[in-house]
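Here is the structure we will look at.
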Amino acid sequence: MSQTIVKIDGLVKRYKELTAVDDLSLEIQEGEILGLLGPNGSGKTTTINCLLSLLSYDEGNIEVFGSKMTPDNYKAKAKIGVISQNVAVFDELNVYENIDYFCGLYIKDKKLRRQYTDEAIEFAGLNDFKKFKPKKLSGGLLRRLNIACGIAHKPSLIILDEPTVAVDPQSRNRILEGIEKLNRDGASIIYTSHYMEEVEQLCSRIIIMDKGKNIASGTKEELKKKVNITETIKAEVRNADEETLSKIKQLPHITSSEYDGKLLTVKCSGGKHNLIRLIEVLNEHELHLGRVYTELPTLNDVFLEITGKQLRDKED
Amino acid sequence: MQVFKVFMKIVYSRRIVILLYTGIFLAVAVISTLTSNNSVQNEFKDTKLTIGIIDDDNTELSGILKDYLGDIHKTENIEYDKDNMIKDIYYQKYSYIIRIEKGFEQNLLNGDTNGLIEGFTLDGSYYESLVNSQTESFIKYTSALILSGNKPSEAAKKAQKLISEDTEVSVYSENNDSDNDDFIFATYFKFLTYILLSVVVSSLCPALIVLDRPDIRARTNASSLSVSSQLKQKILGTAVYSIGIWLLFMAAAFILYSSKFTSSEGLLVVLQSFVFLLTIVSLSMLVSVIAKNQKIADIVGTVVGFGMSFLCGVFVPQEYLSEGVLTAAHILPGYWYVKGIDQTIGSGTKNIDTVVICIVAELCFAAVLFALMLVISRKRRRKIV
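Chains as they are written, first to last, in this note's numbering: chain P, 1 to 316; chain F, 317 to 701.
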């Protein structure tokens, strides 16, 4: 049975009038990748900072590796690696010196530190850039250096706070592959992001946050089941009139339809043959069809649906 | 010792600035020491002029006058030619031209001392009064000696001898208590105000600013290195660097002014410079907390360095500064440091009580600046959090 390595219970963090984290509870099991998904300002980074005891909090309790997390719980901190949203490295030091410095904050033994630093450089693919100062590195390489600095000491729990912000697709893929490798090597990971596809690709369990609250959690499959959409049909159609659109809306299992003059987007909940019925209606009205394709629900749909409902609830 | 090591690496990255400041300062100190023997006029020497003499009388007495003038100046016999004379004076071939009028000897024997010679020089030149007074003395002495019964040639020679007797002249300085070595030694330590401030601020601030960058601090605080250990290493780095720089300047002072350095006054000045170093370190820490980046820290360092040096009597002695400036300078630590040095070894009146007051004032500045740094630092951390 896997062990709970992080347990957050009823966390509340307020900045004067603003409640940044509102009664948040979560658990992280050993070996899992937990995704904290939410838009900017949803409380992800604040939660991480409270977890690391970089921030004090107003209510709740945080336990890491079975002990209460406090600023001087250095035993727990020694097992944690942090990769912050901003690239936190020294411009004055080169790549090797930077990794060596951050590794040295945890590892006292020089020989072991040298070995770990070399391994981190290898892991991040920075072998050719050891002597480079950060200012000479591209955005993607900088992100990789940032990650290498956070994982060099081989932590059991790695916290990555939006590590792929402003990174090109190639570097992003490399970073995501690296994170999967770290997980395969035994590290538990907390991954915060507002990129749905990254969280969907990486995380075994996901917590969706909005306005400091845990609004949904589970595996991606569990989350997708929570939404009322089974598929989204998109069809390129020209000159669809109001009558056609009205007929489409009246079809069974159609929850919504949108038309922008070129693309018809139809969301369905359950049912079979939705696509066939839609094409029949379009043919009846002698409309020329371009490309037609269907999409399964994504976390984006989940998030939009869940946050949308909440907003409507409040408005009601 | 990761924090300490990175602290020193950042300081080391500023080595060119440090070397530049230190090198220039020490070079100036060495040059001023080597040339110090000529730097203060404490001896008097008669001025020798080049004088052209036109002797229209050509007598024994006029010859003795020429000999007399030849002894104290460089003289040349010339012919009367107005155009050439004007040219020679204009181009400074001669500082002065004397024309011994015809009838010089006869008039002198008759006791008539007026209009015996005519002088030519540039308008308003001080040579006129100098040479006139010398020739008039000769004429008056000779005339008096002839009247008292001496033979004309004897009288002229006696007059020449009397006038030529040198009076030993030494320059009396208002600051006669402090000799030239004291002056140079005090100047070296006064200039440390600017140089120490520049060197310490320009290298200490970057290290402190970088280590205090919110993202770096967050990452370091999230590690297993305790906050107290980080602080200790920062303090150690600050102390090692600033004391190292101070020792470098003290070593240079010891080599350049060893006898002064080891005197009781010298050691008191050294102590004052160390206390001033504490003030500078506190100031640097405060600047590093206030400044958002190194560029701003450099600007603040330069403005404070120059401002304090001008207002507190580093570049211009305090005795030449106006009352208003001195009153304003009271709020700057440099004022007390410079005053303390003046009171110990410089141009001021020696007063050990005042020196003690100056040292205490500097310590108070160091304490206040440090406390201010702590308050602002704590406030900013809260804001960031």
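Even for Gly, the Cβ is constructed at its ideal location relative to N, Cα and C.
From a predicted model like this one, the values you see are computed outputs, not experimental measurements.
**Study point:** Simplified DSSP state of asparagine 73 of chain P, which is helix, strand or coil
**Key:** Correct three-state label for asparagine 73 of chain P: coil.
Point to revise | Nearest residue (CA-CA) to asparagine 430 of chain F, options F:Lys456, F:Leu463, F:Lys611 and F:Ala645 | key: F:Lys456
Check your understanding: Can the beta-carbon of leucine 157 of chain P be found less than 8 Å from the beta-carbon of alanine 124 of chain P?
Key -> no
Review point. Counting contacts by CB-CB distance shorter than 8 Å, is serine 355 of chain F in contact with chain P?
Key: For serine 355 of chain F, the predicted model reports a pLDDT of 48, less than 50, meaning its position is unreliable and no value from the coordinates is stated.
Exercise for review: Can you grab the Cα-Cα spacing for the pair threonine 219 of chain P / valine 302 of chain P, in whole Å?
Suggested key: 12 Å
Check your understanding: From lysine 75 of chain P to leucine 37 of chain P, what distance separates their C-alpha atoms?
Key -> 28 Å
Check your understanding: alpha helix (DSSP H) containing cysteine 50 of chain P: first to last residue?
Key -> 44–51
Exercise for review: Rounded to whole angstroms, what's the CA-CA distance from serine 171 of chain P to asparagine 94 of chain P? Just pull it up for me.
Suggested key: 20 Å
Check your understanding: Does the stretch 328–346 of chain F touch the stretch 517–527 of chain F, meaning 3 or more C-beta pairs lie closer than 8 Å?
Key -> yes
Exercise for review: Classify aspartate 493 of chain F as buried or exposed, calling it buried when 16 or more other Cβ atoms lie within 10 Å of its own Cβ.
Suggested key: Any reading at aspartate 493 of chain F must be qualified, since the residue scores a pLDDT of 45, below 50, and its modelled position is unreliable; the value itself is stated next. With fewer than 16 Cβ atoms within 10 Å of its Cβ, aspartate 493 of chain F is classed as exposed.
**Study point:** Members of the stretch 124–144 of chain P that neighbour chain F once the beta carbon cut-off is set at 8 Å
**Key:** Contact residues of the stretch 124–144 of chain P toward chain F are absent (C-beta to C-beta distance below 8 Å).
Exercise for review: At 4 residues or longer, and completely inside the stretch 499–562 of chain F: list those alpha helix (DSSP H) runs for me, N to C.
Suggested key: 530–537
**Study point:** For aspartate 241 of chain P, the three-state DSSP class (helix, strand or coil)
**Key:** Assigned with DSSP and collapsed to three states, aspartate 241 of chain P falls in coil, not helix or strand.
Practice item. Give the secondary structure of glutamine 610 of chain F by DSSP, where H, G and I count as helix, E and B as strand, and everything else as coil. Key: helix
Review point. Among the residues of its own chain, which have a CB less than 6 Å from the CB of valine 356 of chain F, if the five just before and after it don't count?
Key: Its pLDDT being 49, under 50, valine 356 of chain F is placed unreliably in this model, and the coordinates cannot settle the point.
Exercise for review: Quick one: grab the DSSP three-state call for glycine 435 of chain F.
Suggested key: Glycine 435 of chain F falls in the strand class under three-state DSSP.
Exercise for review: Tell me whether aspartate 373 of chain F is buried or exposed, calling it buried when 16 or more other Cβ atoms sit within 10 Å of its Cβ.
Suggested key: That one is buried.
Exercise for review: Say whether chain F places a C-beta atom closer than 8 Å to the C-beta of leucine 11 of chain P.
Suggested key: no
Review point. Cβ of aspartate 72 of chain P less than 8 Å from any chain F Cβ?
Key: Yes, contact with chain F.
Review point. Relative to chain P, which residues along the stretch 521–538 of chain F have a C-beta separation below 7 Å, given in chain order?
Key: Val526, Asp531, Ile532, Ala534, Arg535, Thr536, Asn537 and Ala538
Check your understanding: Do valine 12 of chain P and glutamate 59 of chain P come within 8 Å of each other at the CB atom, strictly closer than that value?
Key -> Yes, the Cβ-Cβ distance between glutamate 59 of chain P and valine 12 of chain P is below 8 Å.
Check your understanding: Under a three-way DSSP split, which group does aspartate 301 of chain P fall into?
Key -> helix
Review point. What residue from F:Ile511, F:Glu678 and F:Ala502 has the CA that sits closest to glycine 623 of chain F's CA?
Key: Taking the Cα of glycine 623 of chain F as reference, the smallest distance to any Cα among F:Ile511, F:Glu678 and F:Ala502 is reached at F:Ile511.
Check your understanding: Could you give the residue range of the alpha helix (DSSP H) that holds alanine 88 of chain P?
Key -> Going by DSSP, alanine 88 of chain P is part of no alpha helix (DSSP H) at all; its letter is neither H nor E.
**Study point:** CB contact below 8 Å: valine 195 of chain P versus chain F
**Key:** Note that residue 195 of chain P is tyrosine in the sequence shown here, rather than valine. So, not an interface residue.
Exercise for review: Verify whether the separation of the beta carbon atoms of isoleucine 83 of chain P and isoleucine 8 of chain P is less than 8 Å.
Suggested key: The Cβ atoms of isoleucine 83 of chain P and isoleucine 8 of chain P do not sit closer than 8 Å to each other.
Review point. Quick one: does phenylalanine 65 of chain P have its CB under 8 Å from some CB of chain F?
Key: no
Review point. What is the DSSP secondary structure of glycine 368 of chain F, reduced to helix, strand or coil?
Key: In this structure, glycine 368 of chain F counts as strand in the three-state DSSP scheme.
**Study point:** 8 Å Cβ cutoff, lysine 506 of chain F in contact with chain P
**Key:** no
Exercise for review: Taking all protein chains shown into account, decide if tyrosine 573 of chain F is buried (16 or more other Cβ within 10 angstroms of its Cβ) or exposed.
Suggested key: buried
Exercise for review: Show which residues of chain F have a CB atom less than 7 Å away from the CB atom of valine 82 of chain P.
Suggested key: Arg535 and Ala538, listed in chain order.
Check your understanding: Could you give the C-beta distance for histidine 194 of chain P and asparagine 40 of chain P, rounded to a whole number, given that I count them as a contact under 8 Å?
Key -> 6 Å
Check your understanding: For isoleucine 326 of chain F, which residues in chain P fall below 9 Å Cβ to Cβ?
Key -> Phe90, Glu92 and Leu93
**Study point:** Three-state class that DSSP yields for asparagine 183 of chain P in the structure shown
**Key:** helix
Review point. What's the C-alpha gap between proline 163 of chain P and tyrosine 259 of chain P?
Key: Per the coordinates, the alpha-carbon of proline 163 of chain P lies some 36 Å from the alpha-carbon of tyrosine 259 of chain P.
Practice item. Note down the Cα distance separating tyrosine 407 of chain F from isoleucine 334 of chain F, rounded to an integer number of angstroms. Key: 50 Å
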